[in-house]
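Just below is one structure, and these are the notes that go with it.
Numbering (the numbering used here), first residue to last: -11 to 92.
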């Protein structure tokens, strides 16, 4: 499998475990806590596999960027977090950074 595809999947899993942290309520709810831990482990494992062939700094930054973007967007829909010009600009800057790192 292509290493960049693995990073993409790992980033999506990162979004999942970040959302899981909220649902786990400080790891006091067993099912969301277990799901969060499984998603985190899978995300870390996939990132480590991708880093066999990708530069560590670029792979890690892209992974974090995908996770941050996904988490920010998901939080708007799942937790009714506010959307305003500054937040949208921040998300677009993260997206631009991820794209720049991928192209570099």
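We put the beta carbon where it would ideally sit given N, CA and C, even for glycine.
**OP:** Write down the C-beta distance between residue 87 and residue 38 rounded to the nearest angstrom, noting that I regard them as a contact closer than 8 Å.
**Re:** Residue 87 to residue 38, Cβ: 17 Å. No contact.
**OP:** Kindly give me the distance between the Cβ atoms of residue -1 and residue 24, rounded to whole angstroms, as I take these residues to be in contact under 8 Å.
**Re:** Contact flag wrong, Cβ pair sits at about 16 Å.
**OP:** Check whether the Cβ atoms of residue 91 and residue 54 lie closer than 9 Å to each other.
**Re:** no
**OP:** Please decide whether residue 3 counts as near chain B, where near means a Cβ-Cβ distance under 9 Å.
**Re:** Absent from the structure: chain B. Only one protein chain is present.
Subject >> Selected residue, minimal CA-CA separation from residue 20, among 5, 29 and 78 >> reply: 5
**OP:** Enumerate, from N- to C-terminal direction, the unbroken alpha helix (DSSP H) stretches of 4 or more residues contained entirely within the segment 42 to 82.
**Re:** 44 to 67
Original post:
What are the boundary residues of the alpha helix (DSSP H) that residue 92 is part of?
Top reply: Unbroken run through residue 92: none, as it is neither H nor E.
**OP:** Whole angstroms is fine: what's the gap from residue 52's alpha carbon to residue 73's?
**Re:** 22 Å
**OP:** Just mark residue 16 as buried or exposed, buried being the case when its beta carbon has 16 or more other beta carbons within 10 Å.
**Re:** exposed
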